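Here is the structure we will look at.
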Amino acid sequence: MIRFIQNLGKSTRISFTKLGRASYFLIQIISGIASVLVRPRLLLNQLYSVGVLSFLIITISGLFVGMVLGLQGYYTLSDFGAEETLGVMVAASLVRELGPVVSALLFAGRAGSALTAEIGLMKATEQLSGMEMMAVDPVKRIITPRFLAGFISMPLLAGLFSAVGIIGGEMIGSGLLGVDEGAYWSQMQAGIDFYDDIINGVIKSVVFGFVTSWIALFEGYDAIPTSEGVSRATTRTVVNSAFSILGLDFILTALMFGDN
Amino acid sequence: MVNSVSSQDNLVSVRNLTFSRGSKKIFDDISLDFQRGKITAIMGPSGTGKTTLLKLIGGQLFPDHGSVFVDGKNVHQLRRAELYDLRKRLGMLFQSGALLTDMTVFDNVAFPLREHTHLPESMIRTLVLMKLQAVGLRGAKDLMPNELSGGMSRRVALARAIALDPMMILYDEPFTGQDPISMGVLVHLIKSLNNILGLTSIIVSHDVHDTSAIADYIYVLSEGKIVGQGTPEQIQQSDSEWVKQFMTGAADGPVHFHYPSKDYVDDLLSIGKRY
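Protein chains in written order, with my numbering: chain A, 8 to 267; chain V, 12 to 286.
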């Protein structure tokens, strides 16, 4: 029993020191933003590898999620004779929830894990401390551009996911199952509010982009510089990102959509 | 003796340095001096914290007690910007080379120039080619680091270390894992760079033969203490048992062949018990 309490105390202390290091790391990242904006080339390269290279997985997943929503929505709604509102259902689910959440989860798996492994290996091969000895701050030179790239790409990818998903729902709903195409789009136009739905969805994906990039970069930077350490850090990135995304999604949903 | 020379001649002086990692004392109150313009070697078996010493000199680690002066400045009391200014005048050669793996050899050598100077690209090109020529790898400028052999990586890293014309280079185990030819090339390079560019060099190594061939002064470390120091000749004739064992590579001596353990017979007879 005493050992249990001891271990509890120990792990609490360890997690709090880690949180402290992560917060300090975040401050370092943010204080490096100005120096990155002066050299947009660094950011552009990262936008390509973090954002553009995630295009394919986001597009394909978005298409399939939209198609599934179209199918499931149609069967449920047609029981009530309300299949005309399929457009609203698909769009609302995507824009409010599935777009930000699923694309963030995919982003953590595709780009987050790659970032962690990259930074962890740079640490393991002494590239980061080599940079420090060359009087180049590795946080400013390596970490901040990647952070900004993640932060900027995430909302755009979420938007892409939702857009492709809506098209997927339309393909199934009106193309296959015979919902009127005009009704699909006009119901959607009438039912989706720019501020309540779209902006709130964007806010979510901004928060997820911030958190996922932060976790991925910190885990890499904090990794034990061995092959085992890097592999564990990569796993932690995916697991911690998934928890944070889903937990924050609940909190944000409660805050933003609670009143309606 | 170096200690009798006025401190003006010392580019780096380490004073009463104590550093521990966890409960293990890596350095216990040691003082060392590194003379300007000379090659000073720090030798000792693996795991005595020789690399740690370089990181303390470069300001990447903080000592528990004591101080490190580089060019008259206390490294651990400098502000971040001042420390970075000092580091621009230091080159460090890591054991692994520490080349940036996403850039070509050319870009690696150009990296410090592009980060710290506003030179036009044509000038950077000239400088990079000169540095690569000095290490004999101008022809390899378009290769990626993963296409280089270990010895070539270290030479590229050396070209990068001298890119900003530093006053001092710290070498971390430059000879480890090199074939005889690359070894000879590196020994020659370190010696000639030191003389031609008027550098000060600190070499951390456990390679007795090649290091003593080029070093002007040697410190031998063991278990956090200095167990011997002097010119290579003095070290060769040292009467310390420990230094003798290290220099000749005897399997047993003051440094035991066996890792500390309990009695052999007891250990063998304790069948069934895991501990």
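By construction, the Cβ of each residue, glycine as well, lies at the ideal position given by its N, Cα and C atoms.
Computed from a predicted model, the values in this text were never measured in an experiment.
The beta-carbon distance between G198 of chain A and L105 of chain A, rounded to whole angstroms, is 16 Å. This is too long to meet the 8 Å contact definition. Counted as a single uninterrupted DSSP element, the stretch harbouring Q71 of chain V is not any alpha helix (DSSP H), since DSSP gives it neither H nor E.
When Cβ-Cβ separations below 8 Å define contact, M178 of chain V makes no contact with chain A.
Using a CB distance below 8 Å, no part of the region 82-106 of chain A faces chain V. With respect to the C-alpha of Q189 of chain V, the residue from V:M103, V:G108, V:E93 and V:M179 having the closest C-alpha is V:G108. Residues of chain V whose Cβ lies closer than 9 Å to the Cβ of S42 of chain A do not exist, since the nearest Cβ in that chain is about 11 Å away. The beta-carbon of A223 of chain A is placed no less than 8 Å from the nearest beta-carbon of chain V. By the beta-carbon neighbour count (other beta carbons within 10 angstroms, threshold 16), L124 of chain V is buried.
Less than 8 Å separates the beta-carbon of A156 of chain A from that of G58 of chain A. For the pair F122 of chain V and R171 of chain V, the CB atoms are nearer than the 8 Å cut-off. Scanning chain V for C-beta atoms nearer than 8 Å to the C-beta of V59 of chain A yields nothing, as the closest lies near 16 Å away.
When 9 Å is used as the limit between beta carbons, M195 of chain A is near no residue of chain V, the shortest such separation being about 44 Å. Under the Cβ distance rule, T260 of chain A does not count among the residues neighbouring chain V, no pair being separated by less than 8 Å. Following the DSSP letters along the chain, one finds S233 of chain V inside the beta strand (DSSP E) bounded by residues Y228 to S233. Take T62 of chain V, set aside five residues on each side of it, and the residues of its chain with a beta-carbon closer than 8 Å to its own are Q106, D183, E184 and V215, in chain order. Going by beta carbons, V231 of chain V and I246 of chain V fall inside the 8 Å limit.
Fully enclosed alpha helix (DSSP H) runs of no fewer than 4 residues occupy 62-86, 93-99 and 106-114 of the region 61-122 of chain A, in order along the chain.
Assigned with DSSP and collapsed to three states, L279 of chain V falls in helix. No Cβ-Cβ contact shorter than 8 Å links P232 of chain A with K147 of chain A. For the region 123-143 of chain A, residues whose beta-carbon sits nearer than 7 Å to a beta-carbon of chain V comprise T132, E133, Q134, S136, G137, E139, M140, M141, A142 and V143.
Inter-residue distance for T244 of chain A and T219 of chain A is about 8 Å (C-alpha atoms, whole angstroms). In this structure V25 of chain V is buried. Its beta-carbon is surrounded by 16 or more other beta-carbon atoms within 10 angstroms.
G209 of chain V is a Cβ neighbour of G48 of chain V, given a cutoff of 8 Å. Our two residues, R20 of chain A and L49 of chain A, have alpha carbons roughly 37 Å apart in a direct line. Neighbours of K99 of chain V across chain A, judged by C-beta separation under 9 Å: M141 and A142.
Taking all protein chains shown into account, T151 of chain A has 16 or more neighbouring C-beta atoms within 10 Å of its C-beta and is therefore buried.
Boundaries of the beta strand (DSSP E) harbouring D39 of chain V: K35 to Q46, taken from the DSSP string. When the five nearest sequence neighbours on each side are left out, the beta carbons in the same chain lying within less than 6 Å of the beta carbon of Y228 of chain A are those of I126, in order along the chain.
Comparing C-alpha distances from S120 of chain A to each of A:I37, A:S61 and A:A41 shows the shortest one belongs to A:S61. Between the alpha carbons of L279 of chain V and F268 of chain V lies a gap of roughly 19 Å.
The beta carbon of M74 of chain A sits closer than 6 Å to the beta carbons of G175 and I179 from its chain, once the five residues preceding and following it are set aside; these are given in chain order. Residue contact check for L124 of chain V against chain A: no CB pair falls below 8 Å. Assigned with DSSP and collapsed to three states, Y202 of chain A falls in helix. Excluding sequence positions up to five before and after E139 of chain A, its CB lies within less than 8 Å of the CB of P145, all in the same chain and listed in chain order. By the neighbour-count definition (other C-beta atoms within 10 Å, threshold 16), S110 of chain A is a buried residue. For M8 of chain A, the number of other beta carbons within 10 angstroms of its own is below 16, and it is reported as exposed.
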